[in-house]
Amino acid sequence: MKTYKLFNKIVLAVGILFMMSLPACDLDEGSMGAVSATAFYNDIAALDAGITGIYGTWHRVAWGVDVLAAYTGADDLATRNESNKWVFLEGDQLNLSGGNLRTINIWNGYYQVIYECNNFLENANPDGASEEEIAPYHADARFIRGLLYFELANIFGDVPLVLATTPDYEIGLTPFKEVMEQAISDFKYVEQWANNTARDTPAGVAGQEINGRASKTAARAYLAKAYMLLSGWPTYENHWDKVESYTRQIIDMGAYSLLDDYAQNWGNKVPDDWKGTPFTNANARENVSWKGNKESIFAHHNKVDVWPVTTQSRSYGRFWRDWMDMFVENHFHAEFPEGYRKNYSFAWDQKWRYAGWTAWPYAEGQSYPDHPSMLKFQFGTINASDFKKWSGLAGSDPAPETFLGFEHVMNSSNDMPLMRYAEVLLMYAEACARQNKPGANPSAVEALNYVRRRAYGGGYEKMGDIQANLPVEFWKNPEPAVDYPQAGESDLIQAIIDERAWEFVAEFGGNRWLDLIRTESLAEALSSRDGSEASLIGDPNDQNRWRAPVPSTESQYNPNIK
Amino acid sequence: MKKKVKGLWSSKVILAFIALFLSTSVFAQQIPITGKVTQDGGETLPGVTVVVKGTSQGTVTDIDGVYKLNAGSDATLVFTFVGFTSQEVAVNGQQNIDVTLATDVIGLEEVVAIGYGTVKKRDITGSVASIGADKLTAAPIVSIDKGMQGKLAGVTVQQQSGAPGQKMKLRVRGGGSINYNNEPLYVIDGFIGADITTVNPQDVASIDILKDASATAIYGSRGANGVVLITTKSPAKGKMQVTFDANVGVTSTVQPYETLTPGELARLRNEYDVERGSQNLSFTDAEIAEFDNGKGTDWLNDVTRTGVVQNYSLNITGGNEKLGYLFSAGYVDEQGVILESYRKLYSVRSNIDAKIFDWLDMKFNTYATHSSNMHNGQTYRAISDAFGYPILWDSKDENGEYIDPNTQPSYGIYGAASTNPIQRIETTANGENLNEKITSTIDFTAKLTPHLTLLVSGSGMYRSGFSGNRQEYEPVENTRDAMTASQGYSRGHSLMTTDMLTYKNSFGDHTLTASAAYEYSYSRSQSSSITIGDLSTLGNEWYLLSNGEVSRAVSTFRETKMQSYMGRVNYDYKGKYLLTATMRADGASVFNEDNRWGYFPSAAFAWRLMEEDFIKDTEWIYDLKLRAGWGQTGNRAIGAYATQPTLDFTTSKFLYYPFNGTTVSQGIISGALTDPNIQWETTVQSNIGVDFSILGGKLSMVADWYSKTSKDVILQKSIPRYTGKQSLTGNFAEIKNTGFEFSADYHIVNKDDFQWNAFANISVNRNEVMDLGGDEQIFIAGEDAFSIWGIDNKFVVREGESLGSFWGLQNEGLWQTGEEDQAAVYNSKPGEPKYTDLPDADGNTGKIDATDRMIIGNALPDFTYGIGTDLYYKSLDLTIQGHGSHGNDVFNYNRQRMDDSEVRFLNPDYLNRWSPTNTGSSQQKLPTGTEYYKTHVTSQYIEDASFFKISNITLGYTLPDQIAKSLSLAKFRIYASVNNVLTITNYSGLDPEMSATTQGSDAVSGIDAYSYPLARTWTFGLKVNF
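Line by line, the protein sequences give chains Z and P.
Under the working numbering, residues 823 to 1384 are what the first sequence spells out, in order.
Under the working numbering, residues 66 to 1091 are what the second sequence spells out, in order.
Encoded structure:
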């Protein structure tokens, strides 16, 4: 009896025990909640998402004016001695430190994107896909990687050359030249494999198709630029023939051209009948007709979208106007040739400044009120109701108080050009001039004059006047007011380099700074620095000042990085 | 293969246990025994349990204290009754045994939960702190963490935020983890992973906190930070009892932020204009007069309010021998002191005890909650908005409409402003957050033989959440076409089964208890959220998302599993020498196969000196016990999928690009860099303790010393950024906590109509980083920004130093007149802050920058303490509680903000700022010069935040029994209570406990940055028993 009861208990107990232990089987984690890096790219269609991730990361790390901190030492950009502007001031005074938050951001951000490129190149190789299928995608990744190494080398000089995702904690610095050669090898891959009919065929560009991806043309333009930089300080290799041939190829293709209106390189299209028409918020944001234009060889593409999509540009608007992160040096402004381009690029009159800031708190010994402000990147960010007044440029007279509204306070849909056809023309001009081959100079002069004439805009000052009054491609016609040589002008190369300074002022390529150091003419350019500028701390002849120091935190982790 | 071996092992062990212990049953000659049980003073004791030792045979004394039973002539009878010291009497053939039981003054017979079982307090070998329902709910509380604050040695409870429903920061003996959680494990009725913010405090019978590793090792990989065991009330069998507790309070900020008034600010600016040599003054006398007459807004005041807190709890219990029930319902409605912030919590509980057979017991506990809350997170920005918004501006115009900031006067001061803080609160409060959670535990306890018990327990938790919101239209930030609506759902469930076999027997003076258990737990959580833009109407709020275009759809999924085997042996020799040994093996799915299993052993020894002959007769000693223990515990730290190389498309940033300029495509980026071979964090802890009572048990003390070393601490280590990543997660560090705890309870007076008790405790903990895997110092990657823009790392983790070390510039006061030349080196002037200039790597000085940073303070306290007293005089009762902390620093970011130019100098200290004629002032001059505090933490804002707080005073009145009875009530008490009564501190901010840092971290803590203010609450309530 007793035994029977005990048996019952055991059966019941063991029964419950097993029932409740049933779910206990394996401890395999599975990957339902994770995206495996190796499994994700299992077909060609998945590669697009990886490219978008690379571009998205790149956009995000380069969406503000940080990158200009490395270039403020040139004679164009100035900043002010105030609070968080010290990061720009360090550069302006030739005193960049290893603790400069902006150059640190460049370093950190660019390497983050390079990691994404390397990660893509390592993992995005679907089984069974041919090289022809995969290579166009890899071309996109290699273009961005090449572009970033190109910029890192020119900003920092020798940098660690990281081409794989596995961290190397003992890596050393790779010399400038080799980093540039890596960039060239990436660009050459792109030249071979990019598959971008929208940007590489005459029909595509003529149709104003928009495409933000890498193209053979962009690769050629950057190959030319890389060879141009290797031809100057510190490597002085003579690659001018390559510069000429790559730029010539782009010019000969005939797909790209200068826009008639310099201003159309930035901002959104203004309605044709803008005169007297209210400019509503909606069409300001949505009108993208100037995007991907025939002058734009490569650009950051931007779009203001709803949260959390952060694809807008923060290189426009507030940085230049409200926050006054930067403006231009007085001497530079004084030397800047008159004409449409100057009107578009700067405002000098007191009234263009943010009214609220004239009295507080910048009065004490601050040089800022004596500087012209940059208008170039404010275009298209200005509030509708003020647009008409603003577009009258120097001729109009809006009261400062009413001049506060911005369409996108700090976020803009405007694209940010990185490589324009104008630069191809000027690189071509310089390559011809440098080689001084028979027959080269006329081509050089012609290319330079195209840019000059377009900039002059027939002497017109207001937007709209260009289209209204000048013939299509008016810049192909002689313009005695600006054509080379002007009275007293004798050095063609100098004229080209000066033209680059004016044409590309404050653009992301940092052309003025790079031109001054590659030609070792920084000291000369700064010799006419105006007394109103912050005094130099570094000696412009000291070549150590020409490269930004590697972030000091990096050597903390790896002593080989110094 | 490996798994199979484990399974086999477990079933073998269980079979062996069964085989071994079924064979033991001894019978002796039975004789009838009777007797009477009384207490000191002769009163009879009904209800005393009398058991024949080592058997399940027993009875209970009747109304006259008389018992009758049959037992072997050589048996031993054990007499136990709650509140009395149990007594054992050998039968020795006697047939009449009268017994007098002594009052158990220090609760040696009380049962304490130790995880997977209970023991009497006298038999505990580890370090365990306990708190009962009476002490826990002495003051009216809405969450149990508040009830534990200051009452337990070795347990530090810090209220970092005053937001409704916010969990407090709770530490058991300091933190051993750097990036991961240092919070203890919460277990409720055996279910691992309780949410203590939603537990109804009135449901809790006791909380036992396992502190040392010999106690927590039974929780293995989850025991490293201590274990908080919450036991809910069991059904009280017998006639139905009803308890109703209701209280209502008003809550308001204790003190306002002190800032300049608009009039003062305007005058300051005029002074400033003169100082900087400006020709024009910013403000005319007429304008200043307007400000003095009330123009302008005190935003910091206006975003706060007086809130109402309501708390109701109903408890019904009863039953018979076979079936007992307890039902409870609770409702808490807390309004926060910041506008629009609230939490509403509805809860129900059902605890059922059933005796299915005389050998089979069942327990079924279920707890369900529904809550609705708004703006109770740490990141809520009301205070930061209020700091930054121009105080010279009015909020609304004469028509009661919010004034568009673009039309506000700039006064030459203010730039483009964002939304009015009050308007923003209203804007973002347009939404709802709902959460439901249900937890059920079912336990079967089968007495297989008199010595062998099998526990089969299953528990589960299900939760769901919904959040929806739609931006309110307001022209400054949310233009009509840019507005969004979103909603998100989440769900999760966890399951846990535990099967445990326990053998208990006595062999003469030897008592042995041995348990073996198997446990499996599983948890899964998932969520989805959708955001839409381009809303065609604002009419559907967030409910119908087809009313716009989807801009974002995200979902997540997470699954973790764990399998465990454990065993515990308790050995007791004559109640004198007590030995406990445990072993647990945990296998977790979050680690890869080679590192999956962790083994966590422990051993403890206790010596009850009181039982030794040489001390038994020492009159003045009431009780004395020594304890020593050692154990190894773990911390899983990482979450699911952390060892797999992953890609990421859940992050909101970096993922989008508008390739064709109009449509945005979404991409994928790399996930975090981790070491696939990551393992458990392991903590080894030794503990020595003494329990000591004197004065006839009136004064009892517990002292413990411990040393706790955490190895293989998982760290998100900063790595060079050229790698493309900020950090690598892996096992790198070693951290040591050593400490001492002492607590004392003193029953000063114990008379019928007057009782007076007092308690005090102190916890001293020293934290030290022993090793960082080769690095001398590291920085926490992804250190929370707390909206502190531009400031780099605020903390350093350095070998030889404590966690929580502030990292920044050392301020040496202000440059003084006569120091112009030295100051000029740093681009400074007299009256501007002077910082220590350390030589950089190349030995250069002459510049203040990142290389000048050093440790400038520490957020962790040297010691914390609590004191309290309670008095009962006739019908009145009074309890007073206090707690304090000593030696901890806080980064007062709020004060820094008030100094800086971006918020336009709100600090009232500017009225007495430094000037050539006021050189004694420590307040920097205006203009400020380079504001280094905008890029680094600077030591003038690191303050000593030591404090002592009287956290609560409660006064109650209980209706005398006769009156209550005449009203048909069992008990009736009314009470009034005030918490956060008084704070004594030198800290200049609102409250030294406030911090915006995450609760899990000790490496990053003590930053008062826009924290949600702690409130003072006055509460009135009543408690009725029917």
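Glycine included, C-beta positions come from ideal geometry on N, C-alpha and C.
Selection from the options that minimises the alpha carbon distance to residue i
i, options, result
"K200/P", "T1003/P, M766/P, G212/P", "G212/P"
"A1061/P", "Q231/P, S592/P, A204/P, I206/P", "Q231/P"
"K461/P", "D363/P, G395/P, S437/P, L425/P", "D363/P"
"F509/P", "K420/P, S1042/P, G613/P, M233/P", "K420/P"
"Y1272/Z", "Q1289/Z, K1259/Z, A1251/Z", "A1251/Z"
"G1353/Z", "E1151/Z, R1367/Z, V1372/Z", "E1151/Z"
"L738/P", "D367/P, T711/P, G933/P, D105/P", "T711/P"
"R11/P", "F965/Z, G950/Z, V833/Z, T987/Z", "As displayed, chain P neither begins before 66 nor continues past 1091, which places residue 11/P out of reach and without an answer."
"S1070/P", "G342/P, I686/P, G240/P", "G240/P"
"E1283/Z", "Y1162/Z, L985/Z, W1145/Z", "Y1162/Z"
Cβ-heavy atom distance, residue i to the ligand NAP, below 8 Å
i, result
"Q224/P", "Ligands displayed in this structure: none; no statement on the ligand NAP is therefore possible."
Own chain residues within Cβ distance below 8 Å of residue i, not counting five before or after
i, result
"A1080/P", "G227, T316, S317, T318, V319, G372, G401, V402, N1045"
DSSP three-state assignment for residue i, whether helix, strand or coil
i, result
"D1067/P", "coil"
"G285/P", "helix"
"K298/P", "coil"
"D777/P", "strand"
"G1114/Z", "coil"
Cβ neighbours of residue i in the same chain (closer than 7 Å, five flanking residues each side left out)
i, result
"R918/P", "W872, G873, L874, H1001"
"F1012/P", "G949, S950, T1048, I1049, T1050, Y1052, P1057"
"S1037/Z", "A1016, N1018, R1021, D1022"
"L923/Z", "V909"
Close beta carbons around residue i, own chain, < 6 Å, minus the five adjacent residues each side
i, result
"L425/P", "A511"
"E1245/Z", "none"
"S620/P", "S593"
"R1322/Z", "L1248, N1333, D1337"
"P1373/Z", "G920, I926, W929"
"R1367/Z", "L916, G1360"
Status (buried if at least 16 other CB within 10 Å, exposed otherwise) for residue i
i, result
"G303/P", "exposed"
"S580/P", "buried"
"T89/P", "At T89/P, the pLDDT of 43 sits below 50, so the modelled position is not reliable and the matter cannot be decided from this model."
"D310/P", "buried"
"E746/P", "buried"
"F844/P", "buried"
Quiz item: Taking a cut of 8 Å between CB atoms, which residues from the stretch 711–732 of chain P lie near chain Z?
Solution: T711, L712, D713, F714, S717, K718, F719, L720, Y721, Y722, P723, F724, N725, G726, T727, V729, S730, Q731, G732
Quiz item: the stretch 410–424 of chain P: which residues have C-beta closer than 9 Å to a C-beta of chain Z, in chain order?
Solution: Flagged, chain order: F422, W424.
Quiz prompt | Members of the stretch 619–652 of chain P that neighbour chain Z once the beta carbon cut-off is set at 8 Å | solution = Here the close residues are T621, F622, R623, E624, T625, K626, M627, Q628, G652.
Quiz prompt | Positions along the stretch 958–987 of chain Z whose CB lies within less than 8 Å of some CB in chain P | solution = V981, P982, V984, T987
Quiz item: Going along the chain, which residues of the stretch 1130–1161 of chain Z sit with their C-beta nearer than 7 Å to a C-beta in chain P?
Solution: P1130, V1131, T1132, T1133, D1144
Exercise. May I ask you to list, following chain order, the residues of the stretch 933–959 of chain Z that have a beta carbon less than 7 Å from some beta carbon of chain P?
Key: Y933, Q934, I936, Y937, E938, N941
Self-check item: Interface positions of the stretch 1067–1082 of chain P facing chain Z (Cβ-Cβ less than 7 Å), listed along the chain
Solution: Within the stretch 1067–1082 of chain P, no residue qualifies.
Quiz item: Which residues, in chain order, does the stretch 1247–1268 of chain Z contribute to contact with chain P at a C-beta distance below 7 Å?
Solution: So the list is empty, because no residue satisfies the distance condition.
Self-check item: Near-chain Z residues of the stretch 998–1016 of chain P (beta-carbon distance less than 8 Å), N- to C-terminal order
Solution: So the list reads K999, T1000, given in the order they occur along the chain.
Exercise. Residues of the stretch 514–543 of chain P with a CB closer than 7 Å to any CB of chain Z: list them in chain order, please.
Key: L519, V521, G523
Self-check item: Interfacial residues, the stretch 567–588 of chain P to chain Z, with Cβ spacing under 8 Å
Solution: Y583, Y585, Y587
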